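Data first, discussion second: the structure below is written as structure tokens.
Residue numbers (our numbering), protein chains in the order written: chain A, 1 to 298; chain B, 1001 to 1298.
Structure representation (structure tokens):
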């Protein structure tokens, strides 16, 4: 078994358990709980919690309960954003991760509330995490900033307004740095903060995250063009239907692939620089980055 | 000028300034900012911030910047809940406070994001408030609990599922304790915590808030039946259209008014008990409670 596969098996189970346990404990309404757990349990790659935990492990730190709770809060934020993004009022997607989207299953009203619930309980969980009061507050501020109106919500807002418009490469990078990059940045920097790293190291993690986030988004755009519905677990060609600006639409598939390769190279450069600091075990992070590359080539 | 009117003029301006300033500072997307400020500026009675600040003042405490920020966060949570509650997927309301609802003005996608943004930035603002780290975290935990899936979101979920069903009086109280009562409870208890009151006093504030929340909801139901669209600034008779269980529908107008009077009496009893503790200036809270009664009689 690869190092990464083993890492996933050991640690993601605990992140998932934290999410489920907290939501069960904090939710009185059964349908609301079902609706939230439906999307939480729909799985996905858990890329953001993995990035957080792999970063922490890279600094040779034992992963604590507080880290699992931070990773769980992060994944709850990501999950809420998918539920709201899929709503008829937004992207109007009917399929995600191979199963019907939340609003198809529970109705748009309940799906809206499931998103609101996950968002609120993410901050609730983090505010109660097993961490020093200072670190809890710092992580809370960072998560709110990453997921809020200079971060993810701003990206979503630009995305909604960008439908039917042809964005420039810069405008598209702006959207993606917020829509995807912000939570990636939180994942990496939170991993550094949980490992008690100094500011210069956390700054390097942030730069790495920005390249990785962009790479991830180009990859996502490419898959929407090149993959099949079965491979992806969601409807493909959806971006084109919504007339969204994507990298393949703007640059073509070949140039987009080149840009992806360049961003991945920049990511790996950052990782090398970080190895000259206290990041003594970069293997997991490297495997995660490799996994991204492989998926697109396959 | 009455004591309450003067109090509103002095303090609500500061709460509103905190909301606007923080949102402007934390929002890059102009349309998103416009959409959030549209609902923030639509005003309303600011009952929750008023309750918080009047409680603090009742303990003869000077109102601090941290208190204004807490009150601002609370009003942002309330505002987000109204935007989402009005959405086509939820109550499908087109008019609130005399003007078109957020989604009528900005579209359902942007309105969903404006709600998500206000919700996230409320916790962001509170996480940065000028308060000790301990008090910030305690208030954050309380606000998340009050607005989350044992609180307001649970009430909304029960409300969505209750459409078309005739609820019992107990079931209706359950919904309202969450939908309205939870944020009222936060307002009163936060006022106590900001005034550094001991647990027994905060518990009394909680009991007062529960009676007041129920009174407020009965009043709201009554107004939907008895007031005109112009008086209310929103479409009336809407509950009946949605086939919602309301106090007038279940008990009739006369019995509902009696129940309202009973809850208000219980509220005043709590206030009297609190005057035997450190609540030395109950006048503002009393005026606020009186205002509620007057509006229904008018």
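Glycine included, every Cβ here is placed at the ideal spot set by N, Cα and C. Remember, it's a predicted structure, so these values are computed and weren't measured experimentally.
Contact between residue 82 of chain A and residue 67 of chain A is ruled out by a C-beta separation of about 23 Å, above the 8 Å threshold. At a cut-off of 8 Å between beta-carbon atoms, residue 130 of chain A makes no contact with chain B. It is roughly 32 Å from the alpha-carbon of residue 177 of chain A to the alpha-carbon of residue 1015 of chain B. Note on the region 1058-1100 of chain B: whole alpha helix (DSSP H) runs with a minimum of 4 residues are 1065-1086, in chain order. Using a CB distance cut-off of 8 Å, residue 1212 of chain B does not count as an interface residue toward chain A. Chain A places a beta carbon closer than 8 Å to that of residue 1160 of chain B, counting this residue as a contact. Neighbourhood of residue 1147 of chain B in chain A, by CB distance below 7 Å: 120, in chain order. Taking a contact as a CB-CB distance under 8 Å, the pair residue 64 of chain A and residue 1133 of chain B does not count as one, their CB atoms being some 20 Å apart. Note on residue 289 of chain A: 16 or more other CB atoms within 10 angstroms of its CB, so buried under the neighbour-count rule. Put simply, the CB of residue 1021 of chain B is far from chain A, with every gap to its CB atoms at 8 Å or more. For residue 1024 of chain B, the enclosing alpha helix (DSSP H) covers residues 1003-1026. Residue 1272 of chain B counts as exposed, since fewer than 16 other C-beta atoms from the protein chains shown sit within 10 angstroms of its C-beta.
Along the region 67-99 of chain A, going in chain order, the ones with a CB nearer than 7 Å to a CB of chain B are 84, 87, 89, 90. Between residue 144 of chain A and residue 1120 of chain B the beta-carbon gap is near 6 Å, inside 8 Å, which marks them as a contact. Within the region 1022-1050 of chain B, contact with chain A at the beta-carbon level (separation under 8 Å) is assigned to 1023, 1026, 1027, 1028, 1029, 1031, 1032, 1033, 1036. Residue burial annotation: residue 267 of chain A is buried, with at least 16 other C-beta atoms found within 10 angstroms of its C-beta.
Contact between residue 1185 of chain B and residue 1209 of chain B holds, with the beta-carbon distance rounding to 4 Å and staying under 8 Å. In the three-state scheme derived from DSSP, where H, G and I count as helix and E and B as strand, residue 1221 of chain B is classed as helix. Secondary structure note for residue 146 of chain A: its alpha helix (DSSP H) is the uninterrupted segment 133-147.
With 16 or more other CB atoms across the displayed protein chains lying within 10 angstroms of its CB, residue 111 of chain A is buried.
The alpha-carbon separation between residue 259 of chain A and residue 203 of chain A amounts to approximately 23 Å. Distance check between residue 264 of chain A and each of A:43, A:253, A:286, A:275 places A:286 closest, using alpha-carbon atoms only. Taking a cut-off of 8 Å for Cβ pairs, the region 1031-1038 of chain B and the region 1099-1111 of chain B touch, as three or more such pairs fall below it. Cα atoms of residue 1048 of chain B and residue 8 of chain A: separation of roughly 45 Å, rounded to the nearest angstrom.
Our two residues, residue 1003 of chain B and residue 1284 of chain B, have alpha carbons roughly 7 Å apart in a direct line.
For the 8 Å CB-CB criterion, residue 55 of chain A and residue 192 of chain A form a contact. Per DSSP, reduced to three states, the secondary structure at residue 214 of chain A is helical.
Separation of residue 1190 of chain B and residue 1075 of chain B (C-alpha to C-alpha, rounded to the nearest whole angstrom) is 13 Å. Shown here, residue 1282 of chain B sits in coil according to DSSP, grouped into three states, outside any helix or strand. In chain order, 250 place their CB closer than 7 Å to the CB of residue 169 of chain A, counting only its own chain and leaving out the 5 sequence neighbours on each side. For a cut-off of 8 Å, the C-beta gap from residue 18 of chain A to residue 72 of chain A is around 4 Å, short enough to register as a contact.
Among the residues of chain B, those whose CB is under 8 Å from the CB of residue 112 of chain A are 1084, 1087, 1089, 1090, 1112, following chain order. Residue-level contact by beta carbon holds for residue 1127 of chain B and chain A, with a gap shorter than 8 Å. Secondary structure at residue 105 of chain A: helix, using DSSP grouped into helix, strand and coil.
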